[in-house]
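Heads up: the protein sequence lines correspond to chains A and B, in order.
For the first sequence, the working numbering assigns the number 13 to the initial residue and increments by one for each residue that follows.
For the second sequence, the working numbering assigns the number 13 to the initial residue and increments by one for each residue that follows.
We put the beta carbon where it would ideally sit given N, CA and C, even for glycine.
So the structure is just underneath, and the comments pick up after that.
Number of protein chains: 2
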Amino acid sequence: MKDRAPVRSATLHDVAKAAGVSPITASRALGRPDLVSEKTRARVQAAVQETGYLPNLLAGGLKSRRSLMVAGIVPALSVTQFLPTVQSLTTTLAAEGYQVILGQTAYDAEREEAVLNTMISRRPDGIVVTGLVASDRARERLRRSGIPVVETWDFTDDPVDMLVGFSHDRVGRATGDYFRARKWQRVGVATGGDPRALMRRAGFVAALGREVPTAVVPAPSSLELGRRALAELLGRSPGIEAVCCSSDTLAHGVIVEALSRGMRVPQDLAVSGFGDAEASAHLLPSITSVHVDGPGIGRLAAGLILARCRGEAVARPVVDLGFELIERQSTAAGAAPDAGPVRASAKA
Amino acid sequence: MKDRAPVRSATLHDVAKAAGVSPITASRALGRPDLVSEKTRARVQAAVQETGYLPNLLAGGLKSRRSLMVAGIVPALSVTQFLPTVQSLTTTLAAEGYQVILGQTAYDAEREEAVLNTMISRRPDGIVVTGLVASDRARERLRRSGIPVVETWDFTDDPVDMLVGFSHDRVGRATGDYFRARKWQRVGVATGGDPRALMRRAGFVAALGREVPTAVVPAPSSLELGRRALAELLGRSPGIEAVCCSSDTLAHGVIVEALSRGMRVPQDLAVSGFGDAEASAHLLPSITSVHVDGPGIGRLAAGLILARCRGEAVARPVVDLGFELIERQSTAAGAAPDAGPVRASAKA
DNA sequence: CTGTTAGCGCATTCAT
DNA sequence: ATGAATGCGCTAACAG
């Protein structure tokens, strides 16, 4: 298998020749079959098989100004929070012939700007960003590029273009209200250092009406960081009764650390998370969390982009998907760990 | 902000005019600065700023036959096993100006073929596949495309092109040998239904020298499926002492289910996983697992592609990265749960 | 070191 | 329903 012939792959020209038609007819037979007679279509199809033709999307995109690509920007792929969104974005778009091209910003505005510039250079038909675009220069550039942009997983009154998300301040307040209602006196926070997590914390503190001991860990969060965060909190405030975490991963780590120290959860320490990870409902104890419709965000973002590509007017370019606090065992009140989850939702 | 002017974005032509040079000189000033005088370079740079120029990579790629894209194919983004690989692939390539374009096969050979065809249509400079390419037609097409291909996370003597991975049969055998050495009599398997997991199971059974009760769950695996798998196994073989799982996620679910039934792990039930997930070392009990260098796979795959792009001869186009069985608390022998991990590695 | 010429492969005019 | 001409924006090859 060493003979890798540098065979110039078949072009539409070759297909047309094989089918005995002009290149443009071949092009139409493939792209707009309705504009071509049935016979011609069949002949072109046969020629495609024969030549092993695969279209060159670079060339097609250059001419048609539709690259059939959508850029998907995340802080890092390892931030599992966004995976369901990227997954459903990719799947929804793939069904329409679009592919997702991936960019990572590492929570860094400069990297973000560089990544977005590179993406714009590829002339994608849309750009989906997790979070808001931080760099002002990038925002301006995106606006002027004319490319449909969807910011996600956050909320603002002044998006670059379109938006599908929810308010982190509100999430924090809802969680704070819940903590206040439960009357825990000694409360702590374990949070990632990213902007959205810090916004949730701010909302939480505002709702509680007082500052709380806080352990900040670098993003992306991990189980290990959760364990460390609790160790740190316990070191600083030994009598702590409840911890609000910026992700279910951190919450899980906090719980593991608590159990490893012989504490009972929730009796000795109540713990809440954010994101409603797949595992959270099935752990022991199950984790109280804030549910966000990650796949829905991806699906809606894809829909907005596709609508714009089709030239349709987008009715609601800014969507607040809200969230839902799901109470589970990790903050359960009585000794009824198997009680059905209490739900408290909050939308726009 | 409604005045989205359909401003044709600046082209190299505009930059050249602004800089008072020919387009090709502008092109060189940006792409091969060494070929251009310092003065010219500065003038072009200034013109770029002035015009807000962003290159059109579609056009550049069409002409130069270097798209600066690499296709990354996974079964699904939600298979967390591959995330570190995709992440390091993306990061390594980004450092050289390449972006990753994502494809999902859903463990389906037809989808895989379709996805690969689409990818080839984009003329990527490389294709990285997790697993081996299943479809023969796709294999043939890839070979003839001349695009560098790296298959990963598996092993074969007849790769499409290049390969970075390890033998799942060997992983299964190593785990089986370990189980045999531990002399557990009643052993079970909880496994995902994907081909590689089943290969590991086959190796495991071969090493044990006897069939074992097996619960097969659909991929991708989840904590919940792990819980169900143990429930199923216990229903069929109540006296089971040890369970070999096809992923740490399943293993975690098995452990949670066991604990929820009042069983002690590992005293009443020993559990092993695969993949050495980030959390596995930090759980209670920590999970015995098979470590694989996921990020390394991505890095090496990127390196192979980049080497090919530079026209370098690739010394070792087939790399067996091996694996390492890491013994942790979930299969610990004595009552020394904090004993350092016993490691048993196995390479080519 | 810089410029001229000539496409890359396709799809959008406009014609027939 | 089909075709001819043209150019998308850029860069390889050659010239100077």
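Checking 8 Å against the spacing of the C-beta atoms, do residue i and residue j come in under that value?
i	j	result
residue 218 of chain A	residue 188 of chain A	yes
residue 285 of chain B	residue 259 of chain B	yes
residue 317 of chain A	residue 43 of chain A	no
residue 241 of chain A	residue 262 of chain A	yes
residue 80 of chain B	residue 70 of chain A	no
residue 277 of chain A	residue 297 of chain A	yes
residue 52 of chain B	residue 41 of chain B	yes
residue 184 of chain A	residue 165 of chain A	no
residue 105 of chain B	residue 111 of chain A	no
residue 4 of chain B	residue 295 of chain B	In the structure displayed, chain B extends from 13 to 360; residue 4 of chain B sits before or after that span and is not available.
residue 201 of chain A	residue 213 of chain A	yes
residue 337 of chain B	residue 302 of chain B	yes
residue 309 of chain A	residue 92 of chain A	no
residue 207 of chain A	residue 90 of chain A	no
What is the rounded straight-line gap between the Cα of residue i and the Cα of residue j?
i	j	result
residue 56 of chain B	residue 25 of chain B	11 Å
residue 13 of chain B	residue 30 of chain A	With a pLDDT of 36 at residue 13 of chain B, under the threshold of 50, the predicted position of this residue should be treated as unreliable, though the coordinate-derived value follows. One C-alpha to the other measures close to 51 Å.
residue 4 of chain B	residue 84 of chain B	Absent from the model: residue 4 of chain B. The displayed extent of chain B is 13 to 360, so no value can be given.
residue 32 of chain B	residue 102 of chain B	38 Å
residue 88 of chain B	residue 116 of chain B	5 Å
residue 354 of chain A	residue 77 of chain B	A caution first: residue 354 of chain A carries a pLDDT of 45, below 50, which makes its placement in the model unreliable, though a value can still be read off. Whole-angstrom Cα-Cα distance: 58 Å.
residue 235 of chain B	residue 274 of chain B	18 Å
residue 246 of chain A	residue 239 of chain A	11 Å
residue 237 of chain B	residue 39 of chain A	48 Å
residue 180 of chain A	residue 304 of chain A	11 Å
residue 130 of chain B	residue 156 of chain B	15 Å
residue 141 of chain A	residue 175 of chain A	9 Å
residue 162 of chain A	residue 199 of chain A	36 Å
residue 136 of chain A	residue 159 of chain A	7 Å
residue 352 of chain B	residue 244 of chain B	Unreliable positioning characterises residue 352 of chain B in this predicted model, as indicated by a pLDDT of 44, which lies under 50. A coordinate reading is not provided.
residue 266 of chain B	residue 167 of chain A	39 Å
residue 182 of chain B	residue 225 of chain A	49 Å
residue 341 of chain A	residue 268 of chain B	14 Å
residue 204 of chain B	residue 210 of chain B	7 Å
residue 230 of chain A	residue 312 of chain B	27 Å
residue 154 of chain B	residue 22 of chain A	14 Å
residue 86 of chain B	residue 95 of chain B	9 Å
residue 36 of chain B	residue 128 of chain B	34 Å
residue 151 of chain A	residue 177 of chain A	18 Å
residue 332 of chain B	residue 186 of chain A	51 Å
residue 134 of chain B	residue 82 of chain B	10 Å
residue 329 of chain B	residue 315 of chain B	10 Å
residue 169 of chain B	residue 345 of chain A	59 Å
residue 20 of chain A	residue 327 of chain B	26 Å
residue 257 of chain A	residue 100 of chain B	28 Å
residue 290 of chain B	residue 299 of chain B	11 Å
residue 279 of chain B	residue 195 of chain B	14 Å
residue 319 of chain A	residue 48 of chain A	27 Å
residue 34 of chain A	residue 334 of chain B	54 Å
For residue i, report the span of its beta strand (DSSP E) as first-last.
i	result
residue 114 of chain A	111–116
residue 361 of chain A	Lying outside 13 to 360, the shown extent of chain A, residue 361 of chain A is not represented and no answer is given.
residue 301 of chain A	301–303
residue 238 of chain A	Looking at the DSSP string, residue 238 of chain A is not in any beta strand (DSSP E); the run it does join, the alpha helix (DSSP H), is 235–248.
residue 382 of chain B	A query on residue 382 of chain B cannot be resolved here, the shown segment of chain B reaching from 13 to 360 and no further.
residue 200 of chain B	199–204
residue 254 of chain A	254–257
I'd like the span of the alpha helix (DSSP H) that includes residue i, first residue to last.
i	result
residue 269 of chain B	260–272
residue 76 of chain B	69–76
residue 154 of chain B	148–157
residue 366 of chain A	In the structure displayed, chain A extends from 13 to 360; residue 366 of chain A sits before or after that span and is not available.
Along the segment 59–89 of chain B, where does the CB come closer than 8 Å to a CB of chain A? Name the residues.
64, 66, 67, 68, 69, 70, 71, 73, 74, 79, 81, 84, 88, 89
In chain order, what residues of the segment 91–108 of chain A put their CB closer than 8 Å to some CB of chain B?
92, 95, 96, 98, 99, 102, 103, 106
Pairs of beta-carbons, one from the segment 56–66 of chain B and one from the segment 117–131 of chain B, closer than 8 Å: are there three or more?
no
Counting Cβ pairs closer than 8 Å, one from the segment 244–253 of chain B and one from the segment 207–218 of chain B, do we hit at least three?
no
Residues, ordered as in the chain, of the segment 294–328 of chain B that lie near chain A by beta-carbon distance below 9 Å
294, 295, 296
When you check each C-beta in the segment 230–241 of chain B against every C-beta of chain A, which residues fall closer than 8 Å?
234, 235, 236, 239
In chain order, what residues of the segment 127–146 of chain B put their CB closer than 9 Å to some CB of chain A?
127, 129, 130, 131, 132, 133, 134, 135
Taking Cβ-Cβ distances below 7 Å as the criterion, which residues of the segment 268–298 of chain A are in contact with chain B?
268, 271, 272, 290, 291, 294, 295, 296
Using a Cβ-Cβ cut-off of less than 9 Å, give me the residues of the segment 245–267 of chain A that come near chain B, in sequence order.
261, 264, 265
Please name the residues in the segment 33–51 of chain A whose beta-carbon is closer than 7 Å to at least one beta-carbon of chain B, in chain order.
none
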